[in-house]
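Colleague: Just so you know, we're using full-length UniProt numbering here: the sequence shown kicks off at 1 and counts up by one. All residues carry an ideal CB built from backbone N, CA and C; glycine is no exception. The following block contains the structure, expressed as structure tokens.
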Amino acid sequence: MHYDPIKRSLGNVFNRTPWLRRLFYHLLDLLLLRTWHVHRELRQWSRGRTQDPLTILDAGAGYGQYTYWLSGLSSKWQILAVDVKEEQVADSNNFFRQIGRPQVQFAVQDLVLYQEPNSFDLALSVDVMEHILEDVEVFRNIHTSLKDGGMLLISTPSDQGGSDVHGDGETSFIEEHVRDGYNIHEIQQKLRTAGFERIEARYSYGEPGQISWRMSMKYPILMLGKSRLFFLLLPFYYLLVFPFCLLLNWFDARTTHDSGTGLIVKAWK
1 MHYDPIKRSL GNVFNRTPWL RRLFYHLLDL LLLRTWHVHR ELRQWSRGRT QDPLTILDAG
61 AGYGQYTYWL SGLSSKWQIL AVDVKEEQVA DSNNFFRQIG RPQVQFAVQD LVLYQEPNSF
121 DLALSVDVME HILEDVEVFR NIHTSLKDGG MLLISTPSDQ GGSDVHGDGE TSFIEEHVRD
181 GYNIHEIQQK LRTAGFERIE ARYSYGEPGQ ISWRMSMKYP ILMLGKSRLF FLLLPFYYLL
241 VFPFCLLLNW FDARTTHDSG TGLIVKAWK
């Protein structure tokens, strides 16, 4: 199914006022399991750094929820958030101006082409690489753009059932993905090819996370794809499943997984 039209519809609803957009970000932070894992890594990275004048690249910023969260940790951090969608970039720039965070700038950029040598202390790529065929080129550009000692943090589906693909004959229910998921050794090798030397990778979305993802994301998206009338039922659906999803997310984010449908990868220049 086409995921972007549904995301666009949600964006149109929550972009109406800054208050609604803030609410949307907070709901995403609770509901999306990848956010639990990404925030955990970012908290670890940010310890002792909030008073430092650092520069951050949100590579493939989407709605901008990670830029919003990071910009709330320190006003001293300069954040450049890039995406290919012009309308989304314009909406985000307007929102961050409205809430008074001038240290944040959104820009239209193609990650396959974009690089800014030796500019960033941290680069963030959350659920982006599964959409880009030329992944090694993107990794090279980010490596070039990081300062010495800078870190790249990636969240992406794995080949252990990522994109909800569990066998050779299956395809992802999200058609915008150009790959169903990375083998953990494959992505490490591609990062080394791009110039990174120190790399750490672990699985996310273990069994608790997979159940939560189906309940909180897959089933609602499939139903919205069939009829937009489900928007009216969505609040009642989440009233039932939300507490269970929160508990499952909490367990998944605090458990070490031998396998999982997601990957969290850190690489240093």
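#1: Using 8 Å as the Cβ pair cut-off and three pairs as the minimum, do the segment 19-28 and the segment 41-58 touch?
#2: Between the Cα of residue 285 and those of Gly64, His143, Glu137, Trp250, spot the shortest distance and give me the residue it belongs to.
#3: According to DSSP, Phe106 sits in a beta bridge with which residue or residues?
#4: Pick out the complete alpha helix (DSSP H) segments inside the segment 208-235, 4 residues or longer, and give them in chain order.
#5: Which same chain residues end up closer than 6 Å to His257 when comparing Cβ atoms and leaving out the 5 residues on each side of it in sequence?
#6: Under the three-state reduction of DSSP, which class applies to Arg202: helix, strand or coil?
#7: Go through its chain and collect everything with a Cβ distance to Thr193's Cβ below 7 Å, but skip five positions before and after it.
#8: Could you please give the first and the last residue of the uninterrupted beta strand (DSSP E) stretch that includes Leu32?
#9: Once DSSP output is grouped into helix, strand and coil, what is the label at Leu152?
#10: Let me know the secondary structure DSSP gives Asp168 once reduced to three states.
#11: Is the distance from the Cβ of Leu42 to the Cβ of Gln65 below 8 Å?
#12: In the DSSP assignment, what are the bridge partners of Thr55?
#13: Kindly indicate which three-state DSSP category Ile264 falls into: helix, strand or coil?
#14: If I'm right that Gly150 touches Phe120 with Cβ under 8 Å, what's the distance once you round it to whole angstroms?
#15: Okay, do the segment 124-134 and the segment 154-161 touch, 3+ Cβ pairs below 8 Å being the bar?
#16: If you drop the 5 nearest sequence neighbours on each side, which residues of the same chain put their C-beta closer than 6 Å to that of Asp168?
#17: Could you tell me whether the Cβ atoms of Val89 and Val108 are closer together than 8 Å?
#18: Using the three-state DSSP reduction, which class does Lys147 fall into: helix, strand or coil?
#19: Run through DSSP, which three-state label would Asp91 get?
#20: Alpha carbon to alpha carbon, how far is Trp69 from His185?
#21: If I measure Cβ to Cβ from Asn15 and keep anything under 8 Å in the same chain, skipping five residues before and after, which residues do I get?
#22: Helix, strand or coil for Pro243, going by three-state DSSP, please let me know.
#23: Return helix, strand or coil for Pro157, following the three-state DSSP convention.
#24: In angstroms with no decimal places, state the Cα-to-Cα distance between Lys147 and His39.
Modeller: Taking the geometry as given:
#1: no
#2: With the chain represented from 1 up to 269, any question about residue 285 goes unanswered, as that position is not in the structure.
#3: Ala81
#4: 219-226
#5: Tyr203, Gly206
#6: strand
#7: Val136
#8: Note, Leu32: premise wrong, no beta strand (DSSP E); not H, not E.
#9: strand
#10: Summary for Asp168: the model assigns pLDDT 49, below 50, so the residue's position carries little reliability; its value from the coordinates is reported in the next sentence. If DSSP states are grouped into helix, strand and coil, Asp168 belongs with coil.
#11: no
#12: Gln78
#13: strand
#14: 6 Å
#15: With three or more CB-CB distances shorter than 8 Å, the segment 124-134 counts as touching the segment 154-161.
#16: With a pLDDT of 49 at Asp168, under the threshold of 50, the modelled position of that residue is not reliable, and no figure is offered here.
#17: yes
#18: strand
#19: Helix.
#20: Distance between the alpha carbons of Trp69 and His185: 30 Å.
#21: Sequence-distant Cβ neighbours of Asn15 in its own chain, meaning closer than 8 Å and more than five residues away, are Arg21, Asp91, Phe95.
#22: It is helical.
#23: strand
#24: 22 Å
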